[in-house]
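Quick notes on the structure that follows.
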Amino acid sequence: EIFQRLKMLVIQGASDSYGPLDKLSIAGEVNQLVEQIANIANSRSESIYMFAGTFNDVAPYQVNRDEEGEIIKVTTSGTAGDITGLIGERIKIKVNINGEDLFEKGENIFDIAIKIRDDLRNNDISELSDDLNSLNEASEKIYNTQALIGAKVNRVEAADSRAYGDIISFTEFLSNTEDVDSAEAIMDYQRDLLTLQATLQAGARIMLPKLIDFLR
265 EIFQRLKMLV IQGASDSYGP LDKLSIAGEV NQLVEQIANI ANSRSESIYM
315 FAGTFNDVAP YQVNRDEEGE IIKVTTSGTA GDITGLIGER IKIKVNINGE
365 DLFEKGENIF DIAIKIRDDL RNNDISELSD DLNSLNEASE KIYNTQALIG
415 AKVNRVEAAD SRAYGDIISF TEFLSNTEDV DSAEAIMDYQ RDLLTLQATL
465 QAGARIMLPK LIDFLR
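In this note's numbering, the protein residues as written are 265 to 480.
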């Protein structure tokens, strides 16, 4: 709901139908959305920060506030880095979405939301029009990320289905042999694949709803 609500509030704020006092009220709601975005950026799955890249044991984003407690800047201690897993023995797949790609590259989501709030308070209609363009670009990045997560989960599920069929066939073959080493290798492969699938699906279950919340 965050991005759709932000867009609606920007459009309202840029309209002559709303006076300065109305826009101050709108800015107050935008300020609440700024807080929500900052909270989502530091979302955790158990002990792991979802958008922290390879530095995922530490909160990736630090919130700087003014004397009144409002967010004026969101900085990062490092959100880059890919976490990868293998499908089979050779196919490598990225299993995380880092904050640098999602929140910072191109249009910085934090800066946009903070600027919208401040432009509303200043009743700066010209800047609000620019803010809407920036917001549209940022939301497109979120849409693309959402599609990417879904595609990765589908890819792993397809590989899992193929591997399961291979395992069944090979298990039947092994039942007529005493090749213990080969049996253990197959079991290890199956375990690793299921672990990767579980990791992707768990991450997707957490991340997709949060990304969808941005866009509704």
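We put the CB at the ideal spot given by N, CA and C, even for glycine. These numbers come from a predicted model, not from an experiment.
So, are the CB atoms of ILE266 and GLN300 less than 7 Å apart?
yes
Would you decide whether ILE380 is buried or exposed? Buried here means 16 or more other CB atoms lie within 10 Å of its CB.
Classification for ILE380: buried.
Could you tell me how far apart the beta carbons of PHE319 and SER341 are, in whole angstroms, since I believe they sit closer than 8 Å?
Sure, about 7 Å apart at Cβ, within 8 Å.
With distances taken from CA atoms, which of GLU364, SER398, LYS416 and ALA377 is nearest LYS337?
ALA377
Beta-carbon within less than 6 Å of ARG455's beta-carbon, same chain only, minus the 5 sequence neighbours each way: which residues are those?
none
With distance defined between alpha-carbon atoms, name the residue in ILE357, GLU310, ALA278 and MET272 nearest to ASN386.
ALA278
Report the rounded CA-to-CA distance for LEU479 versus SER311, giving the unit in angstroms.
Only weak support exists for where LEU479 lies, its pLDDT of 47 falling under 50; the coordinates are left without a value.
Cα separation between ASP395 and ASP280?
17 Å
Under the three-state DSSP convention, the category ILE347 falls into
coil
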